[in-house]
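>
Numbering (the numbering used here), first residue to last: 73 to 840.
Following this line, the structure appears as structure tokens:
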């Protein structure tokens, strides 16, 4: 059966409304539009929409449409060890159009995702009638909106409904909502009712979703499996979904009744004209999205549908606008999946159709969740960073009270590799430096935004307790150095056998002085020292941490010129493992720099050459960032082109699926976010320091020959700077630098030339 709710005595009474027509199809920006000349037949061809809490995947069918939807808090699991649970799909919104002529062959079919509008659109012509629909998920209204129109009145005939992906509710329905009861008010012409799916998961998390239909002209009637619209001029569908999730749900705290939440959202949305819903959505989205704009030019290939563009680039055709599209798409996806007050973007952002998703759709801390937020600050989306910061604080609180003996510490806190929103985990692997890596996000948020209150009340306490934890754990190493004990290089090794170091995939045997651990602790100590100096506090502890950082064993160069992954020089030049964790010091750390540690930068290059460019999607994205930090724009762009290699659903290579989502495989969204961050790193870097310790603002540090002309507006640098930049023939021609957050005392680097950069708060400077 189409809907498990067909036995529910629901009614979809209608509301009349008047609203303006959908905008006429306009010329699409090839750097901000994904488009297709046929409907999606697979989830990895569907187009993602989201408002930071609710997501939808739009298939764009001609006769039948499916919008698979999610709500980010629909999670199994708890805050316990070995109770990871998993992110759950919610259901499907579906409608079948009753079109003349049976199964039609339409003309001029087009399906697109407009990143600037955060809208999915479908248009086609049949029997001389043009049918249009557009969909978006409104952050202000909290609902998914679908609008259907036709070029002639009375042409819209459709059946519609919702499907719960669980065949029956997994647990009793919420109190006050017995089976067969509808969400909305009693049926009457003035009180529209809504189709509902509702229930509770095995962990007793309650959920509800409801659909409301607004028609213009025509009539509505009930069907056996849903509602039916006949002869309408326009139809607007409003979908709301909610749960009673709170972060402390496993400890007995419940959020608002999802039934009441859904009803209230639908009442508000249905009371507004469609034009108002659309206007408010556009204003909200564009306030974030339009902060940054990248223009790399376009070619004839740029005008093709997205799958053909991917195929053309693989064949060697030039399409710089496709790289710009990938950049804008990463920002779009972060806006769509991570908004203040919500959960952070998970392994698939906000979008999942599987009851048992790969790696639980969780928060994996040995690269993935961190990579999700690399573009947040530099591409002007600091608000979207907030959900991660909130979750980190909650995770810290859960780990501190955990009864798991492996998480017990006298001070500070440690974590497992994979975690859920409640703070629970898989117990698969202790990730001791993971909490220190997460703390980097607090300092980076301060470094870009200069929010002193955040530094004092949130970032510094976190950095301080973790610095204390690590300074007490360090043990003596070679030549009077200090090393971290009991470490491992993520998903790579090592193990000792008969006194000899043997490397095995996935081994987690503890080992001292692992480069990954060493570099993260150096990064943590550096951020603690900078924060304490900024606040003018903890002088004795600063001295202790500074002394320990000086003694930390630094990155080591091995026998074939590589950067060593372990304390022992055992790296294999034929090893092409996907994780390159021992280059953390290059990115996202700043311990290795071509300008200040050229020998270590050379060793990092040797390592990257040995590991190769081919890998899963997120690994390729990390390598784009590595090569950008090495100031090798051509190599970074080459890896980026590999990240754009087309991958069919079910394919086994890293690259991009037809909807441009990153292929692990399977789909992992970190590749999209990492690519956007890598492109930003190619154009602007601010992590380095000059000889006097001032921030070094480096324009076009890794510009590839493939992007000879272009411009970017709105990129952000550490120290509170916002920068617009234009270049021609591979050289910068103009830059505008604005001091957004207080005065700036830095050094500007263009090519090999440097000059002082001093700006008063709010001042703007034009270069040259």
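The beta-carbon is built from N, C-alpha and C at its ideal position, and this holds for glycine as well.
1) Can you tell me whether residue 862 is helix, strand or coil according to DSSP?
2) Kindly indicate the opening and closing residues of the beta strand (DSSP E) around residue 269.
3) Could you tell me the boundaries of the beta strand (DSSP E) in which residue 229 lies?
4) How should residue 114 be labelled, buried or exposed, when 16 other C-beta atoms within 10 angstroms of its C-beta is the threshold for buried?
5) Between residue 140 and residue 422, which are expected to be in contact by the criterion C-beta below 8 Å, what is the C-beta distance as a whole number of angstroms?
6) Would you kindly check if the distance between the Cβ of residue 217 and the Cβ of residue 121 is under 7 Å?
7) For residue 467, which residues of its own chain have a beta-carbon under 7 Å away from its beta-carbon, when the five flanking residues on both sides are left out?
8) What's the gap between the Cα of residue 779 and the Cα of residue 731?
9) Between which two residues does the beta strand (DSSP E) carrying residue 370 extend?
10) Going by Cα to Cα distance, which pick from 342, 166, 335 and 322 is closest to residue 299?
11) Return the chain-ordered list of same chain residues with a C-beta closer than 7 Å to the C-beta of residue 744, the five sequence neighbours on each side being excluded.
12) Alpha carbon to alpha carbon, how far is residue 455 from residue 407? Give it in angstroms, no decimals.
13) Looking at the secondary structure, which residues open and close the beta strand (DSSP E) in which residue 617 lies?
14) Pull the bridge partners of residue 217 from the DSSP assignment, please.
15) For the candidate residues 552, 597 and 636, whose alpha-carbon lies nearest to that of residue 586?
16) Could you tell me whether the segment 332-342 touches the segment 190-202, using the rule of 3 or more Cβ pairs below 8 Å?
17) Quick one: give me the first and last residue of the alpha helix (DSSP H) that residue 404 is part of.
18) Taking residue 181 as the reference, which of 159, 108, 221 and 220 has the closest Cα?
19) Have a look at 322, 386, 390 and 212 and flag the residue whose alpha-carbon is nearest the alpha-carbon of residue 348.
20) Quick check on DSSP: helix, strand or coil for residue 751?
21) Just list the residues that DSSP pairs residue 183 with in beta bridges.
22) Do the segment 691-707 and the segment 746-761 touch if we need at least three Cβ pairs shorter than 8 Å?
23) Any chance the segment 145-159 sits against the segment 126-135, with 3 or more Cβ pairs inside 8 Å?
24) Alpha carbon to alpha carbon, how far is residue 526 from residue 721? Give it in angstroms, no decimals.
25) Would you kindly work out how many angstroms separate the C-alpha atoms of residue 809 and residue 361, rounded to a whole number?
26) For residue 227, which residues from the same chain have a beta carbon less than 7 Å from its beta carbon, with the 5 sequence-adjacent residues on both sides left out?
27) With C-beta atoms as the reference, is residue 59 less than 7 Å away from residue 440?
28) DSSP three-state label for residue 264, please.
29) Out of 791, 161, 801 and 657, which one is the CA nearest neighbour of residue 781?
30) Between the alpha carbons of residue 158 and residue 268, how many angstroms are there, rounded?
31) What residue range does the alpha helix (DSSP H) around residue 441 cover?
32) From what residue to what residue does the beta strand (DSSP E) around residue 841 run?
33) Might you give, ordered along the chain, the residues of its own chain that have their beta carbon closer than 6 Å to the beta carbon of residue 353, omitting 5 neighbours on each side?
34) Since residue 786 contacts residue 767 with CB under 8 Å, what's their CB separation in whole angstroms?
35) Within its chain, find whatever has a CB closer than 6 Å to the CB of residue 665; leave out the 5 residues flanking it on each side and keep chain order.
36) Extract the residue ranges of the alpha helix (DSSP H) inside the segment 444-475, only unbroken runs of 4 or more that lie entirely within it.
Let me lay it out:
1) Any answer about residue 862 is impossible in this case: the structure gives the chain only from 73 up to 840.
2) 267-272
3) 228-236
4) exposed
5) About 12 Å separates the two Cβ atoms, so there is no contact after all.
6) No, the pair does not count as a contact, with Cβ atoms beyond the cut-off.
7) 487, 491 and 495
8) 24 Å
9) Where residue 370 is concerned, there is no enclosing beta strand (DSSP E), given that its DSSP letter is neither H nor E.
10) 166
11) 401, 402, 405, 733 and 734
12) 9 Å
13) Per DSSP, residue 617 belongs to no beta strand (DSSP E); it is in the alpha helix (DSSP H), 611-623.
14) 208 and 310
15) 636
16) Using a Cβ-Cβ distance cut-off of 8 Å, the segment 332-342 and the segment 190-202 are not in contact, since fewer than three pairs of beta carbons, one from each stretch, lie closer than that value.
17) 392-409
18) 108
19) When 322, 386, 390 and 212 are compared, the shortest CA-CA separation from residue 348 is found for 212.
20) helix
21) 108 and 194.
22) Yes: at least three Cβ pairs fall under 8 Å.
23) no
24) 43 Å
25) 20 Å
26) 201
27) In the structure as shown, the chain begins at 73 and stops at 840. Residue 59 is therefore absent and cannot be evaluated.
28) For residue 264, the predicted structure reports a pLDDT of 36, less than 50, and the residue's modelled location is therefore unreliable. A value from the coordinates is still provided. The answer is coil: DSSP assigns residue 264 none of H, G, I, E or B.
29) 801
30) 23 Å
31) Residues 440-444.
32) The requested residue 841 does not occur in the structure, where the chain is confined to residues 73 to 840.
33) 208 and 210
34) Actually they are not in contact, since the Cβ atoms of residue 786 and residue 767 sit about 18 Å apart, beyond 8 Å.
35) Cβ neighbours of residue 665 beyond the five flanking positions: 760.
36) You should have 447-450 and 454-473.
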